[in-house]
Amino acid sequence: MVLVTLGSTGITVEKNAFGALPIQRISAAEAVKLLRKAYDSGVTFFDTARYYSDSEEKLGEAFDGMREKIFIATKTGAQTVEGFWNDLNTSLKNLRTDYIDIYQFHNPSFCPKPGDGSGLYEAMLEAKAKGMIRHIGITNHRLNVAKEAIESGLYETLQFPFCYLATAQDIELVEMCKKANMGFIAMKALSGGLITNSAAAYAYLAQFDNVLPIWGVQRESELDAFLSYLDNTPVMNKDLSAVIEKATTALLGDLCRGCGYCMPCPVGIEINNAARMSLMIRRAPIAPQLSPEWQAKMKLIEKCLHCGKCKSKCPYGLDTPELLRKNYEDYMEILDGKEF
40 MVLVTLGSTG ITVEKNAFGA LPIQRISAAE AVKLLRKAYD SGVTFFDTAR
90 YYSDSEEKLG EAFDGMREKI FIATKTGAQT VEGFWNDLNT SLKNLRTDYI
140 DIYQFHNPSF CPKPGDGSGL YEAMLEAKAK GMIRHIGITN HRLNVAKEAI
190 ESGLYETLQF PFCYLATAQD IELVEMCKKA NMGFIAMKAL SGGLITNSAA
240 AYAYLAQFDN VLPIWGVQRE SELDAFLSYL DNTPVMNKDL SAVIEKATTA
290 LLGDLCRGCG YCMPCPVGIE INNAARMSLM IRRAPIAPQL SPEWQAKMKL
340 IEKCLHCGKC KSKCPYGLDT PELLRKNYED YMEILDGKEF
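Residue numbers (our numbering): 40 to 379.
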């Protein structure tokens, strides 16, 4: 079992955290079963958000009456003080608790600070003074906002995409957090499903002793894979290095991480999946991607307005309409060669 401490928070947990975004897609009974199995096997850190529909409620049901045995991180995407308090009170109610271990600003377009006019950071401080939250964190997909948050000294944790597709700039963030004694929580550790070798993903992140990966779990088989690493921790070797090198060559470039911040689309295109369909078809079972349902979803790309809204909101600066076009052309070529 490998432990990691989240900087100045003092929170020390097994280097396997549960990302609770996917459990919004399964029933309450299935979610509770997964969450409790994770806890029974040694997982004690659980990450959720107000944006994740009923994820918080499922966590609350799973751990009702045993709050002190786990750590919960959740998030607010509120842009006003009133919205902040509404989100926090709703989260506390959903989670059946009177405090949040780490309360995070959810991918803000700027770094909230005292005196910036938004009142958001002041609300965080007030909530902490009242004991409603214990530590202040921030999540982001923008390098400039993440760096500003680290340099500000105002935050105890940063949650940022980090996996074996990391760039030198991403690794610099990890090093900056370590130097600042700030916890680093790695989201998108499987790059939204594009990384299919969990052992390689785990081994890569295991090289950074200050990084806590949160694994998005929806199926028991997925959970079992990560739980197996508690006692049999994957270590970087020639075979796993080869897996990473091959995958990196295939995936880097105009890679859509599937974060979804480009959504919603005015004509209903499921951009966060459609813009990486070419990769998904080649790295996951092909049948679900070629179903009548997905054919209809991909056909919506023909209705793209080229309004530029998705492109302007992409935290990675991708030319999203062009990426959609390329993926649609590739998808249709593959579809034309298949029989149903």
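Every residue gets a Cβ at the ideal spot worked out from N, C-alpha and C, and that includes glycine. Computed from a predicted model, the values in this text were never measured in an experiment.
- Fully contained in the segment 45-105 are the following alpha helix (DSSP H) runs of length 4 or more, in chain order: 67-79 and 94-101.
- Rounded to whole angstroms, PHE265 and GLU309 show a C-alpha spacing of 29 Å.
- ASP140 is the residue among GLN118, ASP140 and ALA188 whose C-alpha sits nearest the C-alpha of GLY49.
- Membership of VAL41 in any beta strand (DSSP E) is not indicated, and neither H nor E is assigned to it by DSSP.
- Residue range 172-178 is occupied by the beta strand (DSSP E) that includes ILE177.
- Here the alpha carbon of PRO327 sits roughly 10 Å from the alpha carbon of MET319.
- Taken atom to atom, the span from the alpha-carbon of ALA188 to that of PHE223 is near 12 Å.
- Proximity to LEU193 across ASP278, GLU161 and LYS336 peaks at GLU161, based on C-alpha coordinates.
- The Cβ atoms of TYR203 and MET171 do not sit closer than 8 Å to each other.
- Taking all protein chains shown into account, LYS285 has fewer than 16 neighbouring C-beta atoms within 10 Å of its C-beta and is therefore exposed.
- Looking at the DSSP output, MET302 shares a beta bridge with no other residue.
- Fewer than three beta-carbon pairs drawn from the segment 65-75 and the segment 218-233 are found closer than 8 Å, and the two stretches are therefore not classed as touching.
- In terms of CA proximity to GLU190, CYS150 leads the group LEU374, HIS174 and CYS150.
- Taking C-alpha positions only, VAL282 is separated from CYS349 by approximately 32 Å.
- In this model, GLU368 and CYS304 are separated by some 19 Å (Cα to Cα).
- Put simply, the backbone Cα of ARG135 is about 13 Å away from that of ASP93.
- Residue state for PRO200 is assigned as strand, using DSSP reduced to three classes.
- For PRO360, the secondary structure class from DSSP, reduced to helix, strand or coil, is helix.
- Beyond the five residues adjoining it in sequence on each side, GLU259 comes within less than 8 Å, by CB distance, of LYS72, LEU73 and LYS76 in the same chain, given in chain order.
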